[in-house]
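In what follows, a structure is listed as structure tokens, so that the remarks can point back to it.
Numbering (the numbering used here), first residue to last: 514 to 803.
And the structure:
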């Protein structure tokens, strides 16, 4: 024989719920007395307070071993990479000579990028250094001693400086300038005390044929030792890294050309197939003429 459970009315359910929330007979709130709730809240207060204190202490101890100026570990940047300017999403430099808007964005980016290199700014903020040797600046016992930077003047970029240039870095005439820069690595002595330079070429035979002639500024794509070592953003506040400008003179029009630029330095490897940006950079260049 099946005994049917008595169905409670809506009013009974509400009354039972009210009694659970607050029972006036036992003075219990949500099934617990005030003393019980006080012990629970005290336990969690002590427990989470202890966790917070332990986390804070751990972070404080860890931060004592970290410098605000120099990273403790930088093995990911053992070999500096190269990058181009103007910076594009896919490293494609596409110019349509008859369409001003197609290259005006590149010109605007280059104007902003090269502004810190103006000779007047460099003369005001940076030093005239002796070429051919590293510009080392020891702390001499002074913690976080600020570093001076060597001048790299915009006029060193010759026909790619953009100063008084009616061709807008050559983009309006189909002879564009592309700037090569080395990524910064703190305390890295690039070149191992030997001269170094940047070279560019077409990646394949057909690219080399379509690339045509080009000139580099400074001459031969040289990068001087005096711009190294780099001591970090907080130390080297006014540091402006050296640049190499490549002006392409007669790229075959309406053809996509694959260009690769490498830095030739004794202590920078450029043949690591696992890292396409280690000491080199590849980009596509296309000059459209209608």
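Cβ atoms here follow ideal geometry from the backbone N, Cα and C, with glycine treated the same way.
For residue j and residue i, the rounded distance between their alpha carbons
i: residue 644; j: residue 710; result: 14 Å
i: residue 536; j: residue 551; result: 17 Å
i: residue 569; j: residue 557; result: 18 Å
i: residue 788; j: residue 594; result: 9 Å
i: residue 520; j: residue 527; result: 14 Å
i: residue 514; j: residue 562; result: Caution applies to residue 514, whose pLDDT of 49 falls short of 50 and renders its modelled position unreliable; the model cannot decide the point.
i: residue 579; j: residue 572; result: 11 Å
i: residue 620; j: residue 686; result: 13 Å
i: residue 769; j: residue 650; result: 45 Å
i: residue 778; j: residue 662; result: 21 Å
i: residue 707; j: residue 646; result: 9 Å
i: residue 639; j: residue 633; result: 10 Å
i: residue 566; j: residue 559; result: 10 Å
i: residue 611; j: residue 736; result: 35 Å
i: residue 690; j: residue 575; result: 47 Å
i: residue 705; j: residue 757; result: 19 Å
i: residue 542; j: residue 577; result: 48 Å
i: residue 618; j: residue 722; result: 28 Å
i: residue 538; j: residue 544; result: 12 Å
i: residue 616; j: residue 684; result: 6 Å
i: residue 653; j: residue 669; result: 33 Å
i: residue 699; j: residue 554; result: 51 Å
i: residue 767; j: residue 726; result: 17 Å
i: residue 642; j: residue 719; result: 42 Å
i: residue 465; j: residue 648; result: Here the chain comprises residues numbered 514 to 803, so residue 465 is not present and cannot be evaluated.
i: residue 564; j: residue 635; result: 51 Å
Reduced DSSP secondary structure (H/G/I, E/B, other) of residue i
i: residue 696; result: coil
i: residue 542; result: strand
i: residue 557; result: helix
i: residue 610; result: coil
i: residue 667; result: helix
i: residue 620; result: helix
i: residue 772; result: strand
i: residue 750; result: coil
i: residue 795; result: strand
i: residue 672; result: helix
i: residue 757; result: strand
i: residue 681; result: coil
i: residue 571; result: helix
i: residue 803; result: coil
i: residue 652; result: coil
i: residue 579; result: coil
i: residue 645; result: coil
i: residue 715; result: strand
i: residue 522; result: coil
i: residue 778; result: strand
i: residue 702; result: coil
Residue i vs residue j beta-carbon contact at 8 Å
i: residue 630; j: residue 665; result: yes
i: residue 688; j: residue 738; result: no
i: residue 592; j: residue 792; result: yes
i: residue 692; j: residue 597; result: yes
i: residue 724; j: residue 675; result: no
i: residue 540; j: residue 546; result: yes
i: residue 800; j: residue 764; result: yes
i: residue 790; j: residue 605; result: no
i: residue 667; j: residue 754; result: no
CA nearest to the CA of residue i, picked from the options
i: residue 728; options: 780, 673, 738, 699; result: 673
i: residue 607; options: 803, 802, 798; result: 798
i: residue 772; options: 548, 717, 700; result: 717
i: residue 671; options: 646, 732, 647; result: 732
i: residue 625; options: 635, 599, 790; result: 599
i: residue 622; options: 601, 609, 613; result: 601
i: residue 695; options: 726, 794, 615; result: 794
i: residue 776; options: 726, 699, 713, 668; result: 713
i: residue 803; options: 544, 603, 613, 555; result: 613
i: residue 774; options: 659, 660, 726, 715; result: 715
Closer than 8 Å to chain C by CB, residue i
i: residue 611; result: The chain inventory of the structure shown lacks chain C, comprising one protein chain alone.
Proximity test, residue i beta-carbon vs the ligand ZN heavy atom, cut-off 7 Å
i: residue 789; result: The ligand ZN is not part of this structure, which contains no ligands at all.
query = Does the segment 676-686 come close enough to the segment 740-752 to have 3 or more Cβ pairs within less than 8 Å?
reply = no
message = When you compare the segment 777-787 with the segment 747-758, are there three or more beta-carbon pairs, one atom per stretch, that lie closer than 8 Å?
response = Fewer than three Cβ pairs drawn from the segment 777-787 and the segment 747-758 lie within less than 8 Å of each other, which leaves the two stretches out of contact.
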